[in-house]
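**Q** My questions all concern the structure below.
Chains as they are written, first to last, in our numbering: chain A, 50 to 831; chain B, 29 to 190.
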């Protein structure tokens, strides 16, 4: 047996075949909509066609009489039944000190609708077709109200207000730094630059739409909710907070395969509550699967921040102060995460890898008649880093300095670590100049002039953009519980409340376990997505490996330690005299031994079980240098990314191919923001214009793929025992500014000079063609 | 009104009654329980539902089940022959050509069609063939690499065949 229990090349640091893949490529995945329960019914929503209206009446009589219809629910009925709005626990304040203002986000709209696509009524029927037909037949009488779609318009006097608590539509605001010190720095500065910057609204678009399947078991009184979510425990808590008399022990949330999350599947949605409520009310399984248009109009969007940002520098190019004024569009319902992302998490990284002592930032969260914004890959950090990196390029242009040189002069040095930034965040480690130098070499920074000249001979405008940056990972939830069960059948089962969603975390965990147990990877079973097994925060903020993986490592080691004690008892020797290797304890210097699984079989419960809770000591600060080169066809304005080199300080690497896949797949999402993606609402009536994959431009296979990606593993994270740093969002955060800086550089070279900085994302061919003709459109604040 | 439908799915004859408005993807995922074929949009953009009809890649959300009358349908579940994976499946695993795996079945069916009709595609031809399949995770980097690897594997096995 020992021969077959060699770990082989499957431990940490090895490129392995993912354990997730055989089922997925065979079509044997278990996405939520793949599960059908006996007696299952279907639920469909009637959604608001209006962006802002008072509900006069909801007539469900026609729908209720249609064939196959089992029930119709309205907001009024849910309110009468005691269903509560989704809790908004954000501990933020308005300028006057009052708490975060937002209309109540109800499972089904009641009295008012506040964005297009808001669920108004729900129909349950015995077939999907019957449910959708009856949902169409629900008739709602509205008194239409004026609507507002963007944050700048919403904060103007006389704008339509979304709730009485915020007549100015300001949900919350926050100031950071020292405004007086910043004013002095700007007054004394040799150079100042100022930009108007739009981080446009994006749709996350995981390819698997949301799906919820809830079943109520009368005999046990338990409600099992299966859904596609990054945070099963958060959904459980959200359901129990909203639905009266539903207790936590009653509810089990199960998550199978998740077809992409990107932050959009964190937390609870109104639809989750309706499906769970209906399943309980009807005592039958109820399934809802979102159509893509429902995802575009009612799932969380990301970004949507308009900023005025300024940098003050001395004669040598040292940054004296950073000043930012931002309006963040939270949508119709300000969610706790949506507000935190813009008011707090983004600002945490605004000074990035630079030693900037003085900041003055004012962030305002604004209600509008649009879908709520929340987490989307990067969540606040892409917005903040984009602003800072655009400013660094503007300053370099102003001072006629090499943008890499300007950055170098401002980098935090290794001897300053641990470094507390102006927001009070502490970076545990980082060697930013080392990363910059390697990035410049990888991109052949010095050879750019020749490439630009060569492109010019082909009639192309070539530009080069750089981003040196860091990000914060962790969600600030550092404790994680893991249970381990060693079975007599020869398997080690590891339960974690972090959640797989395509990032390959099960494989990475299995690699860690292989390293501790010394068994082949086939002997490891990673189990996630079941709140009956383990509960916890879930997966968000690139926390899974450094928090969850560290917890797996600790739990595995505790399991071997416990097994050593049990082996000592079984062999009647002191545990310290035992050597462990390849699932076998051997008494040192003898041939006396016992196998790990054999030992498990001897236990009273026929297993060795460990319930382990452990914590990391802080966030991780992955960082990188991303350098992009683009070419513009001046006749069409079309932008082509032609080179992309990145060096990424990711700490130690457990799964190299997975890390590379995260960085490059993430970078394509960042390129998507730079060049093509934008969620559009009409200015006059807040209709969702880009609510299908026909209208919303996702990157396709013909986009850029020839990444040169390097890891720098020489600076392990000190806050977790694995030394790893989160990598899920790094690529996305670096790509957007690197690409836009390259386009601006190309436009500058065409004679636009600093006017080139007026372009706003997405840099479509139309946008760039107009810019080349000095047409930049109105100011975002106009 | 339910209408009789006869077709071959993954090598098995199927006789079933379907409503005239039933989409092929609804038949596959519903009564036939072939849930490897996915639905990612409602406008025929994403390609997650791609299957082969008589060897040609078709978005099964854009075709009525009755239009498959008398035809041969291959879904992702029918790709592997015997115990082994199809070379395209093998290449997607080997090249880390999938992350969440939701787009992967449709993506692979498109690739099988491509490599059947163009065994040695250029990178431009690969990218063109994949235009109708969206992936949000991988950035397509490793998908294109997987197609190239599968083409090499298929060529090698064809060369070694008697």
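Where is the CB? At the ideal position from N, CA and C, for every residue including glycine.
So for residue 367/A, helix, strand or coil by DSSP?
**A** In the displayed model, residue 367/A falls within coil according to three-state DSSP, outside both helix and strand.
**Q** What is the DSSP secondary structure of residue 818/A, counted as helix, strand or coil?
**A** helix
**Q** Apart from the five residues on each side of it in sequence, which residues of its chain come closer than 7 Å, Cβ to Cβ, to residue 239/A?
**A** 362, 363 and 364
**Q** Looking at the structure shown, is residue 751/A part of a helix, part of a strand, or coil, going by DSSP?
**A** coil
**Q** Residue 148/A by DSSP, collapsed to three states: which one?
**A** Residue 148/A falls in the strand class under three-state DSSP.
**Q** Sorted by chain position, which residues of the same chain lie with C-beta nearer than 8 Å to residue 448/A's C-beta, five sequence neighbours on each side aside?
**A** 240, 362, 366 and 455
**Q** Go ahead and pull the three-state DSSP assignment for residue 336/A.
**A** strand
**Q** Keeping to the same chain, check which residues put their C-beta closer than 6 Å to that of residue 191/A; ignore five residues upstream and five downstream.
**A** 99 and 102
**Q** Could you name the residues of chain B that residue 306/A contacts, counting a contact when the two beta carbons are closer than 9 Å?
**A** Within 9 Å Cβ-Cβ: 128, 129 and 130.
**Q** What residue range does the beta strand (DSSP E) around residue 449/A cover?
**A** Counting along the chain, residue 449/A falls outside any beta strand (DSSP E), and DSSP gives it neither H nor E.
**Q** Leaving out five residues on either side along the sequence, give the residues of the same chain with a beta carbon under 6 Å from the beta carbon of residue 265/A.
**A** 272, 328, 329 and 332
**Q** Could you work out which residue in 766/A, 270/A, 747/A and 693/A is closest to residue 492/A when comparing CA atoms only?
**A** 693/A
**Q** Check whether the Cβ of residue 277/A lies closer than 7 Å to any Cβ atom in chain B.
**A** Under the 7 Å criterion on CB atoms, residue 277/A is classed as non-interfacial with respect to chain B.
**Q** Closer than 9 Å between beta carbons: that is the criterion. Which residues of the region 66-92 of chain A meet it against chain B?
**A** 66, 67, 69, 70, 71, 72, 73, 74, 75, 76, 77, 78, 79, 80, 82, 83, 84 and 85
**Q** Comparing C-alpha positions only, which one of 695/A, 513/A, 550/A and 625/A sits nearest to residue 680/A?
**A** 513/A
**Q** Any Cβ of chain B within less than 7 Å of the Cβ of residue 29/A?
**A** The structure shown does not extend to residue 29/A, since chain A is modelled only from 50 to 831, so the question has no answer here.
**Q** Which residue from 94/A, 610/A, 546/A and 324/A puts its Cα closest to that of residue 187/A?
**A** 94/A
**Q** Residue 156/B by DSSP, collapsed to three states: which one?
**A** helix
**Q** Buried or exposed, going by whether 16 or more other CB atoms sit within 10 Å of the CB of residue 105/A?
**A** exposed
**Q** Report back the beta-carbon spacing between residue 377/A and residue 413/A to the nearest angstrom; my notes put them in contact at under 8 Å.
**A** 7 Å
**Q** Report back the beta-carbon spacing between residue 64/B and residue 118/B to the nearest angstrom; my notes put them in contact at under 8 Å.
**A** Contact flag wrong, Cβ pair sits at about 16 Å.
**Q** Does the CB of residue 256/A have a neighbour CB from chain B at under 7 Å?
**A** yes
**Q** Just the Cα atoms here: how many angstroms apart are residue 213/A and residue 107/A?
**A** 24 Å
**Q** Can you give me the C-alpha to C-alpha distance between residue 52/A and residue 121/B, rounded to a whole angstrom?
**A** Residue confidence is low: residue 52/A scores 36 on pLDDT, short of 50, so the model does not pin down where it sits. Its coordinate-derived value is still stated next. The alpha-carbon atoms of residue 52/A and residue 121/B are separated by roughly 26 Å.
**Q** Does residue 111/B come within less than 7 Å of chain A when only Cβ atoms are used?
**A** no
**Q** What span of residues does the beta strand (DSSP E) with residue 838/A cover, start to end?
**A** A question about residue 838/A goes unanswered here, because the residues of chain A that appear run from 50 up to 831.
**Q** Can you tell me which of the three DSSP states residue 670/A falls into?
**A** Here residue 670/A sits in coil by DSSP.
**Q** So with CB distances below 9 Å, who are the chain B contacts of residue 552/A?
**A** 127, 128 and 165
**Q** Do you know how far the Cα of residue 813/A is from the Cα of residue 687/A?
**A** Going by the C-alpha atoms only, they are around 7 Å apart.
**Q** Where DSSP assigns a beta bridge to residue 87/B, which residues make up the other side?
**A** Residue pairing of residue 87/B in beta bridges, as defined by DSSP: 78/B.
**Q** Under three-state DSSP, which class holds residue 85/A?
**A** Note: residue 85/A maps to coil in three-state DSSP.
**Q** What separation, rounded to the nearest whole angstrom, lies between the Cα atoms of residue 204/A and residue 38/B?
**A** 59 Å
**Q** Would residue 272/A count as contacting chain B if we go by Cβ distances under 7 Å?
**A** no
**Q** Please confirm if the region 162-171 of chain B is in contact with the region 713-725 of chain A, defined as three or more CB-CB distances below 8 Å between the two stretches.
**A** yes
**Q** Kindly indicate which residue of 58/B, 91/B, 71/B and 73/B has the alpha-carbon position closest to the one of residue 80/B.
**A** 91/B
**Q** Less than 6 Å between C-beta atoms, sequence neighbours within five positions excluded: which residues of the same chain meet that for residue 767/A?
**A** 477 and 478
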